[in-house]
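Each residue of the sequence shown is one higher than the last, beginning at 509 in the working numbering.
Just so it is clear, CB atoms sit at the ideal spot from N, CA and C, and this is done for glycine as well.
Note that this is a predicted model, so its numbers are computed, not measured.
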Amino acid sequence: MDKKERRKTVARKLIGAAIFILLLLLVLLLLSHWFYPQQEDLTMQDVKPNGVLAEPDNSLDVILYGDSEAYTAFSPVQMWKEQGFPSFVCASSSQYISLTESFVHQSLEHQKPKLIILETNAFYRKMHSDNAFITRIENMFSILQFHNRWKVMSPIKVKQTAYTWKDDMKGYKYAKMTTKGRNFEYMIPTKEIQPIPEINAQYVENIVKYCNEKGVKVLFVSTPSYKNWKYEKHNAVAALAKKTGAAYLDLNLHADEIQIDWQTDTADAGDHLNFRGTKKVCAFLGEYLADTYQLEDKRNDPAYSDWNNLIPKYEMLTSEDK
Numbered sequence: 509m510d511k512k513e514r515r516k517t518v519a520r521k522l523i524g525a526a527i528f529i530l531l532l533l534l535v536l537l538l539l540s541h542w543f544y545p546q547q548e549d550l551t552m553q554d555v556k557p558n559g560v561l562a563e564p565d566n567s568l569d570v571i572l573y574g575d576s577e578a579y580t581a582f583s584p585v586q587m588w589k590e591q592g593f594p595s596f597v598c599a600s601s602s603q604y605i606s607l608t609e610s611f612v613h614q615s616l617e618h619q620k621p622k623l624i625i626l627e628t629n630a631f632y633r634k635m636h637s638d639n640a641f642i643t644r645i646e647n648m649f650s651i652l653q654f655h656n657r658w659k660v661m662s663p664i665k666v667k668q669t670a671y672t673w674k675d676d677m678k679g680y681k682y683a684k685m686t687t688k689g690r691n692f693e694y695m696i697p698t699k700e701i702q703p704i705p706e707i708n709a710q711y712v713e714n715i716v717k718y719c720n721e722k723g724v725k726v727l728f729v730s731t732p733s734y735k736n737w738k739y740e741k742h743n744a745v746a747a748l749a750k751k752t753g754a755a756y757l758d759l760n761l762h763a764d765e766i767q768i769d770w771q772t773d774t775a776d777a778g779d780h781l782n783f784r785g786t787k788k789v790c791a792f793l794g795e796y797l798a799d800t801y802q803l804e805d806k807r808n809d810p811a812y813s814d815w816n817n818l819i820p821k822y823e824m825l826t827s828e829d830k
């Protein structure tokens, strides 16, 4: 076989491979369209944070993102009850900052809040480039996330664009139990810095930039947690906030003002807050947000009557903790 024939053979193989890849991508896209779950489908991953998609368009003033530190510390219904601004917690267990970015993009397609809050514990969750790559691929091809849905699917179900499942807790996860921690001074001032992983910092910068383009303000918040937080981390987040132009509120520095008691206000000895701790944090944070960002009290707005209807359910659930 001469050189010309070899080149033709190689070219045919390359064209064949390209056609195969294009067909494979097309099949994956079609299957992803079919396999993408309905919002109320229990096979859907991260059901609670995705509950934001069922909220009426442009109805939320604040959206909060993060991991379990966020969904145990921030209670939108509690802040509605006390301050009257609508919010939602898009948080999931052990959330990578790459997934946070996906949630931000997804929710801002339908909402234009005055503020988004990034809980900072997720800034330190170690993430490699392959984690970010996998998140992007899964966002493109839903079948890679939801392949197990064949067990519950019917032939006529396709991707649902009108989301219907609403979370009465607005992303908050009620933590009733108490495991005593200890009260001590853990935020000891220092100039030392515990660096945020570079790839994580880049994702945070990208999120802030995207929000700025959308005209949405960004606030970093560190929730009280003596197992996860220290002054070295505070310094690093403060530096990143300054670099990106985001605001920063470290609630660990306000623990006395919030009156956190680590013997009664934590579910697991200083890691996550229980409901008693949540109430204290929300009382402080709700007032801070309403004053700092001039959030309107909408409790008398007929368009938000459903929010007022949530209060009795919420109080019944949490009545033992009063």
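- Taking the Cβ atoms as the reference, G679 lies roughly 6 Å from C598, within the contact range of under 8 Å.
- The three-state secondary structure of A747, taken from DSSP, is helix.
- In this structure Y682 is not in contact with M635, their Cβ atoms being roughly 29 Å apart against a cut-off of 8 Å.
- Counting every other CB atom within 10 Å of its CB across the protein chains shown gives A709 a total of 16 or more, marking it as buried.
- In terms of Cα proximity to I766, the closest of L781, G753, H618 and V745 is L781.
- The Cβ atoms of D805 and Q591 sit closer than 8 Å to each other.
- Taking the CA atoms as reference points, P705 sits about 44 Å from D809.
- Counting other Cβ atoms within 10 Å of its Cβ, L568 reaches 16 or more and is therefore classed as buried.
- In this structure, the beta-carbon distance from L757 to V729 falls below 8 Å.
- Annotation note: the stretch 739-783 contains the following uninterrupted beta strand (DSSP E) runs of length 3 or greater, listed N- to C-terminal: 755-758.
- In the DSSP secondary-structure assignment, V729 is bridged to E627 and L757.
- In this structure, A581 is the residue among G559, Y573, K741 and A581 with its C-alpha nearest to the C-alpha of T774.
- Taking the CA atoms as reference points, S733 sits about 30 Å from K620.
- When the Cα atoms are used, T628 and P584 turn out to be separated by approximately 18 Å.
- Only residues of its own chain outside the window of five on either side were considered, and among them D575, S602, Q603, Y604, I605 and N708 have a CB closer than 8 Å to the CB of R633, listed in chain order.
- Between L748 and V712, the beta carbon gap of about 6 Å places them in contact (Cβ cut-off 8 Å).
- A distance of 8 Å or more separates the beta carbons of P594 and Y739.
- DSSP places A811 outside any alpha helix (DSSP H), giving it a letter other than H or E.
- The beta-carbon separation of Y579 and T608, rounded to 13 Å, does not stay under the 8 Å limit for a contact.
- Sequence-distant partners of G559 (beyond 5 residues in either direction) whose C-beta falls short of 7 Å from its own C-beta, in its chain, are W673, K674, D675 and G679.
- Comparing C-alpha distances from R690 to each of F792, D776 and M587 shows the shortest one belongs to D776.
- The three-state secondary structure of I704, taken from DSSP, is coil.
- For Q614, the closest alpha carbon among the candidates Q771, L803, I768 and Y718 is that of Y718.
- In chain order, E577, N629 and D779 place their CB closer than 7 Å to the CB of N736, counting only its own chain and leaving out the 5 sequence neighbours on each side.
- By the criterion of a C-beta distance shorter than 8 Å, T752 is surrounded in its chain by V712, E713, V716, K717 and V726, once the five residues flanking it on both sides are discounted.
- Taking 8 Å as the cut-off, the Cβ atoms of Y801 and K622 count as close.
- For I571, the enclosing beta strand (DSSP E) starts and ends at V570 to G574.
- DSSP links S595 through a beta bridge to V570.
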